[in-house]
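Residue 683 in the numbering used here sits at position 182 of the sequence shown, with consecutive numbering throughout.
Glycine included, each C-beta is placed from N, C-alpha and C at the ideal position.
Computed from a predicted structure; not experimentally measured.
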Amino acid sequence: MFGNITDVPGVKVGHAENRKGITGCTAIVVEKGAVCGVDVRGSAPGTRETDALDPINEIEHVHGICLSGGSAFGLDAATGVMHYLEEQGVGVDAGVAKIPIVPSAVLFDLFIGDPRTRPTAQMGYEAAKNAVVGAFANGNTGAGYGATVGKLAGPQFCMKGGLGSTSTTGQDGLVVGAIVAVNAVGDVKDPDTREILVGARNAETAQWIDSCAYLEAHAQSQALSGTNTTIGVIAVNAKLTKAEAKKIAQLTQNALARTIYPVHTMLDGDTIFVLGTGDKTYPLDYIGHLATKVMEEAILVGVKSADKLGDVESYVSIQST
Numbered sequence: 502m503f504g505n506i507t508d509v510p511g512v513k514v515g516h517a518e519n520r521k522g523i524t525g526c527t528a529i530v531v532e533k534g535a536v537c538g539v540d541v542r543g544s545a546p547g548t549r550e551t552d553a554l555d556p557i558n559e560i561e562h563v564h565g566i567c568l569s570g571g572s573a574f575g576l577d578a579a580t581g582v583m584h585y586l587e588e589q590g591v592g593v594d595a596g597v598a599k600i601p602i603v604p605s606a607v608l609f610d611l612f613i614g615d616p617r618t619r620p621t622a623q624m625g626y627e628a629a630k631n632a633v634v635g636a637f638a639n640g641n642t643g644a645g646y647g648a649t650v651g652k653l654a655g656p657q658f659c660m661k662g663g664l665g666s667t668s669t670t671g672q673d674g675l676v677v678g679a680i681v682a683v684n685a686v687g688d689v690k691d692p693d694t695r696e697i698l699v700g701a702r703n704a705e706t707a708q709w710i711d712s713c714a715y716l717e718a719h720a721q722s723q724a725l726s727g728t729n730t731t732i733g734v735i736a737v738n739a740k741l742t743k744a745e746a747k748k749i750a751q752l753t754q755n756a757l758a759r760t761i762y763p764v765h766t767m768l769d770g771d772t773i774f775v776l777g778t779g780d781k782t783y784p785l786d787y788i789g790h791l792a793t794k795v796m797e798e799a800i801l802v803g804v805k806s807a808d809k810l811g812d813v814e815s816y817v818s819i820q821s822t
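In structure tokens form, the structure reads like this:
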């Protein structure tokens with residue numbers, strides 16, 4: 502693993518944050534267009550333009566993806582990404598205008614900062630304007646700025662989530678990248694050892710509250726519906742149909758199942774987009790395998806890179822205690 506999702510040719514990434522609201526958004530820009538598919542596994546999603554990605558529907562290419570905080574209010578950020586791309590002459594040519602296609606997914610981060618301050622169209626515009634190829638910070642960045650995890654026993658036990666991105670190369674020139682904002686109701690565990698990395702934790706006793714064990718013992722969650730989710734994007738320099746992109750998105754959800762406990766709950770809105778930017782075909786299972794690997798690593802990078810915010814501890818902060 503190395504780099505980030507912008508190692509995939511044709512992909513740029515930019516971020517914008519609001520420190521008062523402790524919220525932000527991330528724009529994944531593909532100015533030349535990319536075939537896109539989506540898979541939604543969580544039962545409380547907040548999305549925009551995902552119906553257009555159904556393989557039976559007309560639209561073939563998207564020009565960006567917007568990941569945002571702010572819950573449903575944060576869907577406004579995608580409008581700003583559209584406005585920026587329109588200014589650049591990017592979009593579907595409808596004769597009288599070029600219309601950028603920018604699907605979006607949001608996460609709930611309203612309780613960690615000022616709940617009345619959310620990502621706006623202006624923030625989305627700035628994120629798209631900031632989009633470049635190259636290194637960017639993980640952790641408390643963009644859509645991951647206000648992200649938290651481990652809320653099943655109640656939000657008072659949560660820890661910091663965050664934004665993570667990685668990439669890898671495969672055979673015959675294949676490049677696969679992932680970017681993800683981790684805001685799960687469950688705990689994030691090391692996929693090899695099952696050790697909790699970040700999750701429900703009693704700050705006074707420094708003891709973990711294993712969320713799956715809590716659910717078994719209490720038969721219910723103390724988290725609020727719609728206040729959690731993990732949202733992300735896979736990009737690959739391969740030629741894909743919309744159906745193939747959707748299948749890879751389905752396979753990539755395995756990365757969430759390997760790292761987040763529990764996952765795809767009634768309280769999460771877990772959503773994965775897949776972008777195909779290339780003109781060369783590869784076996785789908787091969788792409789799906791690498792996509793799952795990079796998404797798994799991106800989840801770990803996101804939570805391991807996050808810093809403590811206020812009273813919300815992070816992986817980094819508890820390592821020194």
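Residues bridged to Ile529 (per DSSP): Looking at the DSSP assignment, Ile529 forms a beta bridge with Val514 and Ile566.
First and last residue of the uninterrupted beta strand (DSSP E) at Leu698: Boundaries of the beta strand (DSSP E) around Leu698: Ile697 to Val699.
Residue(s) in a DSSP beta bridge with Thr524: Per DSSP, Asn519.
Proximity of Gly687 and Leu653 at Cβ, strictly below 8 Å: Contact flag set, yes.
Rounded C-alpha distance that separates Thr649 from Thr669: Computed Cα separation, rounded: 27 Å.
Proximity winner among Lys630, Lys748 and Ser818, relative to Cys537 (alpha-carbon distances): When only C-alpha atoms are compared, the closest one is Lys748.
DSSP-derived helix/strand/coil call for Lys652: Residue state for Lys652 is assigned as coil, using DSSP reduced to three classes.
Closest residue to Cys526 among Ile732, Arg759 and Val817 (Cα-Cα distance): Per the C-alpha coordinates, the member of Ile732, Arg759 and Val817 positioned closest to Cys526 is Ile732.
Proximal residues to Lys599 (C-beta, below 7 Å), its chain only, five neighbours per side dropped: Cβ neighbours of Lys599 beyond the five flanking positions: Glu587, Gly590, Val591, Gly592 and Val593.
Nearest-angstrom Cβ-Cβ length linking Val764 and Ile735, presumed shorter than 8 Å: Wrong, their Cβ atoms sit about 17 Å apart, outside the cutoff.
Contact the segment 599-618 vs the segment 538-557: 3+ CB pairs below 8 Å: Yes, they touch.
Outcome for Arg702 when other beta-carbon atoms lying within 10 angstroms are tallied against a minimum of 16: Around the beta carbon of Arg702, 16 or more other beta carbons sit within 10 angstroms, so the residue counts as buried.
Contact test: Ile819 Cβ vs the ligand SAH heavy atom, cutoff 7 Å: Ligands displayed in this structure: none; no statement on the ligand SAH is therefore possible.
N- and C-terminal bounds of the beta strand (DSSP E) containing Ile680: In the DSSP assignment, Ile680 falls within the beta strand (DSSP E) that extends over Val676 to Asn684.
Distance between beta carbons of Ala632 and Ala517, contact taken as under 8 Å: Taking a contact as a CB-CB distance under 8 Å, the pair Ala517 and Ala632 does not count as one, their CB atoms being some 10 Å apart.
Candidates Ala746, Asn519 and Trp709, of which the one nearest Asn641 by Cα: For the options Ala746, Asn519 and Trp709, the alpha carbon positioned closest to that of Asn641 is the one of Asn519.
Three-state secondary structure (DSSP) of Phe574: In the structure shown, the three-state DSSP call for Phe574 is helix.
Unbroken alpha helix (DSSP H) run spanning Thr793, endpoints: That run of the alpha helix (DSSP H) goes Leu785 to Ser806.
Cut-off 6 Å between Cβ atoms - residues of its own chain near Ala799, not counting five sequence neighbours on either side: Within the same chain, Ala799 has close Cβ partners Gly665, Ser666, Thr667, Ala679 and Val681.
Within 8 Å, strictly: CB atoms of Ile523 and Val514: Taking 8 Å as the cut-off, the Cβ atoms of Ile523 and Val514 do not count as close.
Sub-8 Å separation of Gly663 and Ala573 beta-carbons: No.
Beta-bridge pairing of Ala535 - partner residues as DSSP gives them: Per DSSP, Val563.
CA nearest to the CA of Ser722, picked from Leu768, Ala553 and Val512: The shortest C-alpha separation from Ser722 is found at Leu768.
Boundaries of the alpha helix (DSSP H) in which Thr760 is found, first to last residue: Following the DSSP letters along the chain, one finds Thr760 inside the alpha helix (DSSP H) bounded by residues Lys743 to Thr760.
Those residues which DSSP pairs with Lys599 across a bridge: Answer by DSSP bridge pairing, in chain order: Asp594.
Chain D contact for Val597 (CB, 8 Å cutoff): Here there is only one protein chain, and chain D is not present.
Residue closest to Asn755, alpha-carbon to alpha-carbon, out of Asp552, Glu627, Val802 and Met796: Of the listed residues, the one whose Cα sits closest to Asn755 is Met796.
Buried versus exposed, by CB contacts within 10 Å (16 or more), Glu717: Classification for Glu717: exposed.
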